[in-house]
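Structure first, commentary second.
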Amino acid sequence: MDFAFTEDEERLRAEIKAFIARQLTPEVKAQLIAEREGHGRGPLAAAFFRDIYERGWLGVSWPKQYGGQGANRFAQYIVEEEFYRAAQLVIGGGGTGVPAVLAAGTEEQKRYYVPGSIRREISFCQGYSEPHCGTDLAGIRCRATRHGEIFIINGQKIYTTGAQAATHIYLMVRTDPNSKRQAGLSILLVPMNTPGITIRPLWTIQSDPPAPPKTTYGEPRTNEVFFDNVEVPATCLLGAEGDGWAVAQRGLNLDRVGAWRYLISVMRDEDIVNLIKKDEPPTEGLRQDPRVRDKLAELWTEGQVCRLMTMRSLSLEQRGGRFKYEGSAEKIWAPEHGVRATEAISQILGPYAQLLNGSPHAINNGVFAHNLLGAFQSTVNHGSVQVMRDQVARKGLGMPKQRN
Amino acid sequence: MDFAFTEDEERLRAEIKAFIARQLTPEVKAQLIAEREGHGRGPLAAAFFRDIYERGWLGVSWPKQYGGQGANRFAQYIVEEEFYRAAQLVIGGGGTGVPAVLAAGTEEQKRYYVPGSIRREISFCQGYSEPHCGTDLAGIRCRATRHGEIFIINGQKIYTTGAQAATHIYLMVRTDPNSKRQAGLSILLVPMNTPGITIRPLWTIQSDPPAPPKTTYGEPRTNEVFFDNVEVPATCLLGAEGDGWAVAQRGLNLDRVGAWRYLISVMRDEDIVNLIKKDEPPTEGLRQDPRVRDKLAELWTEGQVCRLMTMRSLSLEQRGGRFKYEGSAEKIWAPEHGVRATEAISQILGPYAQLLNGSPHAINNGVFAHNLLGAFQSTVNHGSVQVMRDQVARKGLGMPKQRN
Amino acid sequence: MDVLSDEQEALIQRTAGEFLAAECPPSLVRAVEKSEEKYSKQLWTKFADLGWLGLCLPEEQGGQGLPLTYLGLVLEEVGRYLAPLPVHSTMVPALVLASFGTPVQMKLLERVACGELLLSFGIVERSGRWSTDAIALSGRRDGNDIVLNGSKYFVDNFRIAQKCMVAVRMFGADGGDEGPAAVLVDTASAGIHCEPLLTTAKDGESVVRFDDVRVPQSNRVGAPRQGRAAVDALMDYASVFLVSQMQGAARRAMEFAVEYVKHREAFGQPIGAFQAIQHMAADMVNAVDGTQLLGREAVWRLSRGLPARVEVAQAKSFANEKCLMVCRSAQQMHGGIGFIAEFDLNLWYRRVTSWTLRGGTTYEHRARIASALLDTPGEVRLGRALELPAAAPD
Amino acid sequence: MDVLSDEQEALIQRTAGEFLAAECPPSLVRAVEKSEEKYSKQLWTKFADLGWLGLCLPEEQGGQGLPLTYLGLVLEEVGRYLAPLPVHSTMVPALVLASFGTPVQMKLLERVACGELLLSFGIVERSGRWSTDAIALSGRRDGNDIVLNGSKYFVDNFRIAQKCMVAVRMFGADGGDEGPAAVLVDTASAGIHCEPLLTTAKDGESVVRFDDVRVPQSNRVGAPRQGRAAVDALMDYASVFLVSQMQGAARRAMEFAVEYVKHREAFGQPIGAFQAIQHMAADMVNAVDGTQLLGREAVWRLSRGLPARVEVAQAKSFANEKCLMVCRSAQQMHGGIGFIAEFDLNLWYRRVTSWTLRGGTTYEHRARIASALLDTPGEVRLGRALELPAAAPD
């Protein structure tokens, strides 16, 4: 039992912080924001990423033989945390694609995707949900038919966030047309520039006006992706054919934990405390209000539980253990904390909490209002809290399945 | 839409209050408590009940032809509320037996049970639950076999509160041995002195020390009742043979609403406010604590919702309407409010909230501590809040049943 | 006692609902969000022509003189269909005029009843607080005029209204504080600056600055001694009719969600067959029903002229938490789709988030309830109305 | 960083658990409730003989000198089996002695380690408040003595302890206030009156009155300047090890309930197959796990000598609400049977209700957290420890 980072880890954190203080200039930040808004990568941003790359922080926990640093899960967490805090950059090695490639890929796939991702030449979007099945992935219909050494893909995906910028899609398809539920699914890694792929934007309630940085589920856009006789070589297959469910499960578990998931759930706790403690108009006086103080202490404590559950997941992973229920449990606690916090904060701030980004008099660029628009999404995406509770009860506690 | 009692109803309330102020002397009160503790009825208590009887308040809403006053549901509510508040007496016409007799009984049964109940010569305990089925009454096994003009009853009931004092048991039995679930059940009205009935006390966590008045689920004792070849005439049948489920449902619905259910959920709200506003040791100073004030206002508002839901049920009944979901909804809200209130109050009172009846330094005879022991029972008894939620969703909103 | 609607009440509510169901589809709501005016003039005219605005105004001013409870029912429907109409912002000050106005001011109600005169009102200032104590905008008496200086924040529909009822702190010519008062101001007066806000509701709130705005003393609402009472009424009407709207909107969001989960299949059946979804729905029912009961009781008390500050506070504090929960649960039950801008459900969610933050926060309303509970003599009892002490927070 | 138990920690906890599983059945817990002493002397002897008491005491005094985290794990098991042993009331003051005691006082730990010396401690007074400011029991210096006057409320196991560590307010012979201090008092001293309380836990709390009780100055714990630090430590240990017990007990109640619903049939299947019951259970898991993580972090910080007042406050405020929720849910999952006295589950429920009310309420602990958040300079960040300002409430 050890609740502190090691000296090495603290040193890494200090290095990153110093780097960010030095290199993340307002100009770089502006180009990063422009890139996120779809205006392509500016030269300063490119240089910034090159510098990060050279320090080995892109994919810090990935194996050295594929260009990573072979560092542990805590080093990865530190990189992720500092860059996400500083500029909402998702850096360090989590996410959808590469961890699954490392777990299930062929040697060739590892040699291709891992270094490419580290150089940020390759990026993945996630092709899971379909219009008729959001949470229930076992109902997937998008099919890939094998014809010798190629697959032909037909179908549709939805909520494919980042499809417009990704080089590849991490795609779950049904390869056995006669299969049902989890069986007969496979994962394909498909280049987005393959002919027959069409992307249609879905604008979210965060698009007009665009949500400010640090908003939970502040993405202005997600997508539908259509596959019309898309032909890819069979080498795109990740893991065995028909083994897609198992390949995806581990990825999903990792997706439900880690720095990003933690931070989007708790940054508002820090923001509201730091706002209230400034004690300036229009929130002056709240600092001394015992009701507000009590509520902030409650939220803070819940936020600490988010942090500690994240550390528990990292500890488990670092030991090489598998989650029994911990990932699902965290994916209940953190999003619901986010919702509770957001709604409680709105009652503390009163009418100011309804002001969106760009409105006169908006507090912190309207982040608290945009959180109201985004917080509940976190209880739905990547496995709803209802499904997560089922899993905690069934897998964690061994409770029986309902029969009729 | 009218949220006030009528002048007549207010006059009735004033009469009852005046009666109580005059007649409910400390001596009478002491005899009532002694009676509740199983020491039989004292002469003063008997006179007190005779006076109430003469004023027509026992069964005030029951039909005149059977000795009632034929008053409306609100008059009944007022009688119930005032007597329960004054001395935790359940008077006025609610409860398990007579309403069902009035709804489903034969003329002969009405002539026997209604006047007898008004004179308090007849009283019912409720024979629903069995050891293997608490909430799921459709699983009842206690069976009554018909032999011509008699039934022979064998089986067991549990949580039969008040069995030791009741003259009759309102008993749900399976009359068709081949039936399943709701079908084939019947209601029998069985005199408790019939040979073959054995009562075994089940002492509750409120028994040692005994809970003080106004405790939610403060009963020190409930019972198991065993039926060993108990022979009763077929005239004991209430409603048609095999129709027991329907007969019981309406009774259960009425059991889930009304003054008693409302008051056991909210009396603690009044008690804590009245305690805090006295501003005396050991709770002095809390009156000015904004956190406590905020919480009390929240509880009070929830308590108002309990009251208004009760008024809604009475309005519906008074119009002769049937509940769609309202009874079940109230039976979620009020008990869960009771739990929230009890637990919140305990954190306001701190260590004093753990002191039981008779302990030195206990506040209000330990009622807040005993509520901690009893409050959750209210979410379980007479239909758990889980079953109630099912009913609101299915019957109220028409949501579908799960299939496999 | 009968807390259910009677036949006439049910009829009027149903009629209003049917009208809005036909005339106010979500596409209109959405179009108005993008408009400059933030209301539909066409719908307003139809609405007014049907007499809905005059429902509870005095018969002498062309109204129908029905109790306020009817307006509450109509506003439930306005909320239900998110009707982009300045009913709330117009009727709240109109009702204050109906209670406190001078004969000349009462005359204005004729134009309100027929839809000609749009009103707005300003209470909250920079602090954001819903409290008479926080009213600092000064109305200094100067000859026959009152000179207004200060700002009102979060003023709804100021830009389309001809007049605004402004809660001010009056000062005599000698600078003496004369307490709160309500003053009617022409929105076109010199010295007024209006800055539109962008809210989650995407409706017509603004910040309005008053720089030496002059209005005649006769624009003060009611007699000088009634200033505080008029401001109290303005705040109570504003809060309680927001509750009507919120409840109507939340109920609609719940109905959408229940309908959706009855048909949306996952894991081999309609997700509405799952107990977790059913129980979420059951809690939504109690939340909207509880809001309805508290809200209607408060409006009913106002309609009878009974003290109702505590009941208003109960209703709004409860509605703030519960209606948001209902709309959030409705979004959750819809999964990802509710997050997509073009899907209608979020119109309801976005409005209710805003409405929970206007007309007083939960903290503010609970402070008032607590004062009635704890700063008064005698024991409390549920079912017996509480009165506020003179020094209660507001 | 590794927040999980390491092998040795897991081994020690398992061993303690196995010992108590064998030696401390619910029947013993129930029997002790009815006893005068409110603890099992026999079990205490066995427990001490196995060396559990000395686990984290200094090696010089016969202890094993392990970090405090080990005691936390053992107390999780004590809570889990509701062991009717004065471990908490003895070890809390013992640890204060280990940190602050004079050499003579340290010698007492030898007798603690072998189970010979039972201790108790008194903090709270009539106000019921968990706060140094609320300590009014006076310790007036008089020659070589300290004269104690006042009362301690809710003192656990006073009647069986030989010594009690009392938090007092010291006064010089001249009457000058010298601040808080901890003083060791023989429980048999003249002038002590003990009045047993009857709590939901049915354990050994009392109110203890001190009328001119004389103790030598050498009984003061630690150096004069360390008085406040010693009292702080006494309070923090008391709170955080209660969290260990509560978490162990709540986890056990959860396990009982999960086991019960797996087998209890209704509506044609085990009720544990119903989603509503499963989701209740999932929330119970997060509640006990959250308590465990917060509690262990706080104990770990104490074991490292790091400031931990905020972490203790986090753990206790969270535990108060969550462990009660878990035990209440366990009762609900058992339906009517949990309400019957002879059914074991309510032993857990009744103890946890009491423990949520001792060692500081949620309000009190949150006030401390809020002070660290808001009354300090600079921005806060999760993951960076907070420090309390000097003037924080406690």
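If you read the protein sequences in the order shown, they are chains A, B, C and D. All the letters of the first sequence, read from the start, carry residue numbers 23 to 426 under the numbering used here. All the letters of the second sequence, read from the start, carry residue numbers 23 to 426 under the numbering used here. All the letters of the third sequence, read from the start, carry residue numbers 35 to 428 under the numbering used here. All the letters of the fourth sequence, read from the start, carry residue numbers 35 to 428 under the numbering used here. All C-beta atoms in this analysis are idealised placements derived from N, C-alpha and C, irrespective of residue type, glycine included. Just so we're clear, the structure is a prediction, and the values are computed from it rather than from any experiment.
Residue i versus residue j - alpha carbon distance
{"i": "GLN98 (chain D)", "j": "PRO92 (chain D)", "result": "6 Å"}
{"i": "GLU130 (chain A)", "j": "VAL136 (chain A)", "result": "10 Å"}
{"i": "LEU34 (chain B)", "j": "GLY90 (chain B)", "result": "15 Å"}
{"i": "SER337 (chain D)", "j": "ALA132 (chain D)", "result": "12 Å"}
{"i": "PRO255 (chain A)", "j": "ILE219 (chain A)", "result": "15 Å"}
{"i": "ALA267 (chain D)", "j": "VAL130 (chain D)", "result": "6 Å"}
{"i": "LEU182 (chain D)", "j": "ILE42 (chain A)", "result": "59 Å"}
{"i": "ASP190 (chain C)", "j": "SER123 (chain C)", "result": "6 Å"}
{"i": "GLU76 (chain A)", "j": "VAL82 (chain A)", "result": "11 Å"}
{"i": "SER61 (chain C)", "j": "GLY119 (chain A)", "result": "40 Å"}
{"i": "TRP334 (chain C)", "j": "VAL346 (chain C)", "result": "10 Å"}
{"i": "GLN309 (chain D)", "j": "ARG298 (chain D)", "result": "15 Å"}
{"i": "VAL63 (chain C)", "j": "GLY106 (chain C)", "result": "21 Å"}
Contact list for residue i against chain B, beta-carbon separation under 7 Å
{"i": "PRO422 (chain A)", "result": "Within chain B, no residue comes near PRO422 (chain A); the closest Cβ sits about 13 Å away, beyond 7 Å."}
Listed by chain order, chain A residues near residue i by CB distance under 9 Å
{"i": "GLU299 (chain D)", "result": "Simply none; closest approach about 11 Å."}
{"i": "GLN348 (chain D)", "result": "ALA319, TRP322, THR323, GLN326 and VAL327"}
{"i": "SER351 (chain D)", "result": "ALA319, GLU320 and THR323"}
Buried versus exposed call for residue i [16 or more other C-beta atoms within 10 Å across all chains shown]
{"i": "GLU150 (chain C)", "result": "exposed"}
{"i": "ASP246 (chain C)", "result": "exposed"}
{"i": "LEU32 (chain A)", "result": "First, the residue type needs correcting, since residue 32 (chain A) is Glu and not Leu in the sequence shown. So GLU32 (chain A) counts as exposed."}
{"i": "GLU358 (chain A)", "result": "buried"}
{"i": "ARG309 (chain A)", "result": "buried"}
{"i": "ARG286 (chain D)", "result": "buried"}
{"i": "HIS227 (chain C)", "result": "exposed"}
{"i": "ASN450 (chain A)", "result": "Missing from the structure shown is residue 450 (chain A); chain A here goes from 23 to 426 and no further."}
{"i": "PRO411 (chain D)", "result": "exposed"}
Per-residue DSSP class, three states only, for residue i
{"i": "GLN369 (chain A)", "result": "helix"}
{"i": "GLY349 (chain A)", "result": "helix"}
{"i": "HIS399 (chain C)", "result": "helix"}
{"i": "ARG203 (chain A)", "result": "coil"}
Neighbouring residues, chain D, relative to residue i (Cβ below 9 Å)
{"i": "SER337 (chain A)", "result": "MET35, ASP36, VAL37 and LEU38"}
Amino acids of chain D, ordered along the chain, whose beta-carbon sits closer than 8 Å to that of residue i
{"i": "ALA315 (chain C)", "result": "Within 8 Å Cβ-Cβ: nothing; ALA315 (chain C) doesn't reach chain D, min ~12 Å."}
{"i": "PHE27 (chain A)", "result": "MET35"}
Contact list for residue i against chain A, beta-carbon separation under 7 Å
{"i": "ALA404 (chain D)", "result": "ARG315, ASP316, LEU318 and ALA319"}
Residues that residue i contacts on chain C, provided the C-beta gap is smaller than 7 Å
{"i": "LEU224 (chain A)", "result": "ILE374"}
{"i": "CYS147 (chain A)", "result": "Correct list: empty, because the minimum Cβ distance to chain C is about 15 Å."}
9 Å Cβ cut-off: residues of chain C touching residue i
{"i": "ASP16 (chain B)", "result": "Because chain B here runs from 23 to 426, residue 16 (chain B) falls outside it and cannot be looked at."}
*Taking Cβ-Cβ distances below 7 Å as the criterion, which residues of the stretch 276-289 of chain B are in contact with chain C?*
VAL288
_Short-range partners of chain A found in the stretch 161-195 of chain C, where Cβ spacing is below 9 Å_ = SER161, GLY162, ARG163, TRP164, TYR187 and PHE188
_Near-chain C residues of the stretch 351-363 of chain B - C-beta to any C-beta below 8 Å_ = ALA351, ILE354 and TRP355
*Closer than 8 Å, Cβ to any Cβ of chain D: which residues of the stretch 37-52 of chain A, in chain order?*
none
_Interfacial residues, the stretch 304-328 of chain C to chain B, with Cβ spacing under 8 Å_ = PRO304, GLY306, ALA307, PHE308, GLN309, ILE311, GLN312, HIS313, ALA315, ALA316, ASP317, VAL319, ASN320, ASP323, GLY324, LEU327 and LEU328
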